[in-house]
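Under this note's numbering, the first residue of the sequence shown carries the number 21, and numbering increases by one thereafter. C-beta: ideal position from N, C-alpha, C; glycine also. Just so you know, these numbers come straight off a predicted model, no measurement behind them. Following: one structure in structure tokens, then a few remarks.
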Amino acid sequence: MTIKMTTREMPKAMKHGDLEEVFNNIFVVKGSLSFKKPLPMSFSRNMTVIREGDALTIVNSVRLSDEGLKQLDALGQVQNIVRLAGFHGMDDPFYKDRYGAAVWSVDAPYAVGTSTDPAEEDIYFAPDHKISTATDLPIEDAQIVAINSAKPKEALLLLRRDGGILVSGDCLQNWAKPDKYFSFLAKIFMRRGGFIKAANVGPAWLKFTKADTAEIRGLLGLEFDKLIPAHGEVISSGAKESYRSVISAL
């Protein structure tokens, strides 16, 4: 089927912090997401930047302000964008347009709304590459871990270095407490919804996507010591053990 993409204004930059090096040549910036419907709320989201020489790969993109883009450009040249979560990707078109970077996306549509089977007119972007477990990413020692039972599909990125660094989308979260990007309503509703919990499997993600819990339990077979979630705080050691009980209980 040929997809005719709809015209969509790129989202503006929202509040965010500075790019910080959390592991060798791996940087994270904590940003935010705000929306008005069904209720006005905002909460945090993370973007990861992997540097290899002068080449940069963005994972879980978050549009940066002009000052943030200066920090990004000081690190190197953005060449690749990786989308791990089917519910993410709203800022991928911005980085594609600005840098001409190649977009590597999980096999899920870029669409307005949350439908898992969106109408053609709701699709606003198409990636350069669709990723799977067989994908050879342009990142050294990188492996895609797919959760194909989820709809829309989900993936994680495993970097086989420093004991294993796992980068997650919506599947694995680590919001031990609300941070400064949480609005008042978000603090209330997301606590009630089970989001505010350290080393957590995303509750809304699991409920909505109906991912096979056996496939999620398979994540414990991976070798990883560190985790960079799209939502929550970085875990610098002992990450797999932190998630063992909650994943095993699924």
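Once the 5 residues before and after D232 are set aside, which same chain residues still bring their CB inside 6 Å of it? S169
Considering E261, what are the terminal residues of the alpha helix (DSSP H) in which it resides? 259 to 268
Same chain, Cβ closer than 7 Å to G214, neighbours up to 5 away in sequence not counted: P223
Would you kindly report the start and end of the unbroken beta strand (DSSP E) that includes M110? Unbroken run through M110: none, as it is neither H nor E.
Using the C-alpha atoms, what's the distance from E140 back to Q193? 31 Å
Measuring CB to CB, does L84 end up less than 8 Å from V98? no
Quick check on the DSSP output: the beta strand (DSSP E) that includes T136 runs from which residue to which? No beta strand (DSSP E) holds T136; DSSP gives it neither H nor E.
If you reduce the DSSP assignment to three classes, tell me which class G37 lands in. coil
Mind checking N44: buried by the 16 CB within 10 Å criterion, or exposed? exposed
In terms of residues, what are the limits of the beta strand (DSSP E) holding T77? 75 to 79
Short of 8 Å in beta carbon distance, which residues of its chain neighbour Y273, apart from the five on each side in sequence? Order them along the chain. This structure cannot settle anything about residue 273, because the visible part of the chain is limited to 21 through 270.
Note down the Cα distance separating V151 from I143, rounded to an integer number of angstroms. The residue you asked about is not Val; residue 151 is Ile in the sequence shown. Answer to the nearest angstrom: the Cα atoms are 18 Å apart.
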